[in-house]
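Number of protein chains: 2
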Amino acid sequence: MGKQMTEMLKGTLEGIVLALLTGKAAYGYEITTLLREQGFTEIAEGTVYALLVRIEQKGLVDVEKRPSEKGPPRKVYTLNAQGKTELNEFWNTWSFLSERLEQLRKEGN
Amino acid sequence: MGKQMTEMLKGTLEGIVLALLTGKAAYGYEITTLLREQGFTEIAEGTVYALLVRIEQKGLVDVEKRPSEKGPPRKVYTLNAQGKTELNEFWNTWSFLSERLEQLRKEGN
DNA sequence: GCTTGGAACTTAGTGTTGCTAAGTACCGGT
DNA sequence: ACCGGTACTTAGCAACACTAAGTTCCAAGC
């Protein structure tokens, strides 16, 4: 979708990944393919890995290394308590923004 | 709302301003107060002016200088044809993202 | 045995964006 | 003459997604 989407993903992609991790741990490569299945076909692999490093450093996820049969060891990410809190705040922020925008769209204006 | 909102506004603030300009020309200071009335109380003045310069350079708006009784001359921005096209694309991008996120939220997951 | 290809992750550098902070210009009221 | 509100500008910063190139590990092919 291009440049607009790139900019719009700033601030939302982190929330999307946190949401994907709710109830189901996953590793980077897996998350990338999940995103692509969800329609985010243009998200670069490097972007996802960088994001994962970031949320790990922020302490939003726990990490566990597990061997893979097909390649180098996987880093499996699990949402922890702090991550759930962050995800909640994300949904709040999103709701606020979403409501304003839908209103603006209705006004046509 | 803090840092999350700051990041989420990247990519959406431009669309919001373009939407505000639909059908009604406005100048910078006015747009800032409009945004605040709409609930975006934390958006910095400088941010809005910088954005206006940007969309002018992109050719999305036409600008006209009009004297003010209360201060320096106002720069009045009007959405032009190219701006309307951009706004349409913005709504498309927004719709896509919005649908994905609502689905994610529903899944709970 | 060696190479190819896919799985899985890493790193360095770039551009865009919103924010902070400070400033300038103009005017009315006290 | 000064202050506060209007209105706009500018320089520097931080965060984020992207590009591009790389590294590691293993299985299957010739």
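Chains Z and X, in that order, give the protein sequences. Quick note on numbering: the first sequence equals residues 1374 to 1482 in the working numbering. Quick note on numbering: the second sequence equals residues 1374 to 1482 in the working numbering. We put the CB at the ideal spot given by N, CA and C, even for glycine.
Check: Any C-beta of chain X within less than 7 Å: which residues of the region 1436-1467 of chain Z qualify?; Outcome: E1462, F1463, W1464, T1466, W1467
Check: Under 7 Å between C-beta atoms, does E1380(Z) make it to chain X?; Outcome: yes
Check: At a Cβ cut of 9 Å, what residues of the region 1396-1412 of chain Z count as close to chain X, listed as they run along the chain?; Outcome: G1396, K1397, Q1411, G1412
Check: When you compare only the Cα positions, how much space is there between M1381(Z) and T1379(X)?; Outcome: 12 Å
Check: Tell me the DSSP secondary structure of T1458(X) in three-state form.; Outcome: helix
Check: Using only alpha-carbon positions, find the residue among A1392(X), T1395(X), Y1402(X), V1390(X) that is nearest to P1445(X).; Outcome: Y1402(X)
Check: Per DSSP, E1437(X) forms a beta bridge with which residues?; Outcome: V1449(X)
Check: Quick test of your reading: L1408(Z) and L1452(Z), contact by CB under 8 Å. State the CB separation rounded to the nearest angstrom.; Outcome: No, L1408(Z) and L1452(Z) are not in contact; Cβ-Cβ is about 16 Å, not under 8 Å.
Check: Could you pull the DSSP bridge partners for A1399(X) from this structure?; Outcome: Y1450(X)
Check: Can you tell me where the alpha helix (DSSP H) with I1416(X) in it begins and where it stops?; Outcome: Counting along the chain, I1416(X) falls outside any alpha helix (DSSP H), and DSSP gives it neither H nor E.
Check: Step through the CB atoms of chain X and report whether any lies within less than 7 Å of the CB of Q1377(Z).; Outcome: yes
Check: Please look up how many angstroms separate the CB atoms of R1439(Z) and R1427(Z), rounded, as I've assumed it's under 8 Å.; Outcome: 21 Å between Cβ atoms; not a contact.
Check: Given a threshold of 16 other Cβ atoms within 10 Å of its Cβ, counted over all protein chains shown, does G1388(X) qualify as buried or as exposed?; Outcome: buried
Check: Would K1383(Z) and G1384(X) be called neighbours here (beta carbons separated by less than 7 Å)?; Outcome: yes
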